Structures are given as C-alpha cells and as structure tokens.
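What follows is a set of notes on a single structure, which appears directly below.
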Amino acid sequence: MSSRVIAIVILIATVSFITVMASVQFFIRDPLPIIGANQMLHLRTRAVEPPVAVQIAVDGGFRVELQFQHPGHDDPPQFALRPVDSAPIPMSTESDGATHYTARGQLTRPGRWDLDIDTPGGQETLEFVVRE
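When we follow the numbering used here, the leftmost residue of the sequence shown carries the number 2, and every step to the right adds one.
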C-alpha cells in the first residue's frame, strides 16, 4: 500500500470518529438527573409560574425528604411522588413557613420516579432516577 492510501484511510477513520462523537447530543437530548443514597438533588419547575424549587434528599435507608420553595403561591403545591406507571407513595407533610414546605416518605424501589407538582400557576412532572 502506498502512503497516500494509508493517510486517506486514517483521515476517514478520524473524521468518522469525530462525527459519531459530535452526533451523540442528537440521540441523548435531556438526560434525567440521578440520585443515590445519601445524596441531594435540586430541581426547578419550568412550566409553572412562578417556578417551584424542589430539593430531594435520600438517606441510606432510602427514606426521602422533599423540600418545596414556592414563592408567589398562597397555597402550598399539591404533589405526588411515584415510580413511573405506579401509584404515589404516602408522604407526611409539614409547613415550615409561608413559602417553605417539607414532605417525608419511603422510596419503594430504585429506578425511574416522577414528581407531579400542581399549583394555581400550572402543573408539571419532574423526572429523576434513583440508583441503588
């Protein structure tokens, strides 16, 4: 083989590799946030005005604590935390102030979870993954 053919093959292989790596963003649009034991996750609604901020904390026994910050809403948001395509888990709730709300419960399994938030400003579903 001549050196010209080898150079062309290497060039084609390099350009192909760069093209494949650059196209990954077209296949994976918005990856879901992942949370594990003894970790915290911060989420914010986009479709609800004014936005509701949510802090999700999971301890070593997979007990979950949700803290809602809901400025601009007179009533606390209605919510349901559930595994995808399942019933919501029971949560105990308490109000920590005019715009701060805390809920606690027990996660039933790892995997994909939905947090449905309903306020007078709209409703939205926040998705995340709980890992083992």
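The C-beta atom is built at its ideal place from N, Cα and C for all residues, glycine as well. The model shown is predicted, which means the values in this text are computed figures rather than measured ones.
Helix, strand or coil for residue i, going by three-state DSSP, please let me know.
i: F27; result: helix
i: A104; result: strand
i: P45; result: The sequence given here places Arg at residue 45; Pro does not occur at that position. DSSP places R45 in strand when its eight states are reduced to three.
i: F63; result: coil
i: T120; result: strand
i: A8; result: helix
i: S17; result: helix
With distance defined between alpha-carbon atoms, name the residue in the options nearest to residue i.
i: Q68; options: D76, R30 and L42; result: L42
i: V65; options: L108, D119, F28 and I11; result: L108
i: Q79; options: S87, F27, V85 and M92; result: M92
i: P111; options: S3, V59 and P52; result: V59
i: D76; options: G123, V10 and T15; result: G123
i: P98; options: P72, G61 and V21; result: For the record, residue 98 in the displayed sequence is Gly; it is not Pro. Ranking P72, G61 and V21 by Cα distance to G98 puts P72 first.
i: V85; options: Y102, R113, V21 and F18; result: R113
i: T100; options: G61, P51 and A14; result: P51
Suppose the cutoff is 6 Å on Cβ atoms and the five residues either side in sequence are ignored; what does the same chain contact list for residue i look like?
i: Q56; result: H43 and Q68
i: A54; result: R45 and Q70
i: F63; result: L108
i: L116; result: L82 and L127
i: T94; result: A104
Keeping to the same chain, check which residues put their C-beta closer than 8 Å to that of residue i; ignore five residues upstream and five downstream.
i: R137; result: Outside the displayed range of the chain (2 to 133) lies residue 137, so it cannot be described from this structure.
Three Cβ pairs or more, each shorter than 8 Å: is that satisfied between the region 116 to 130 and the region 22 to 36? yes
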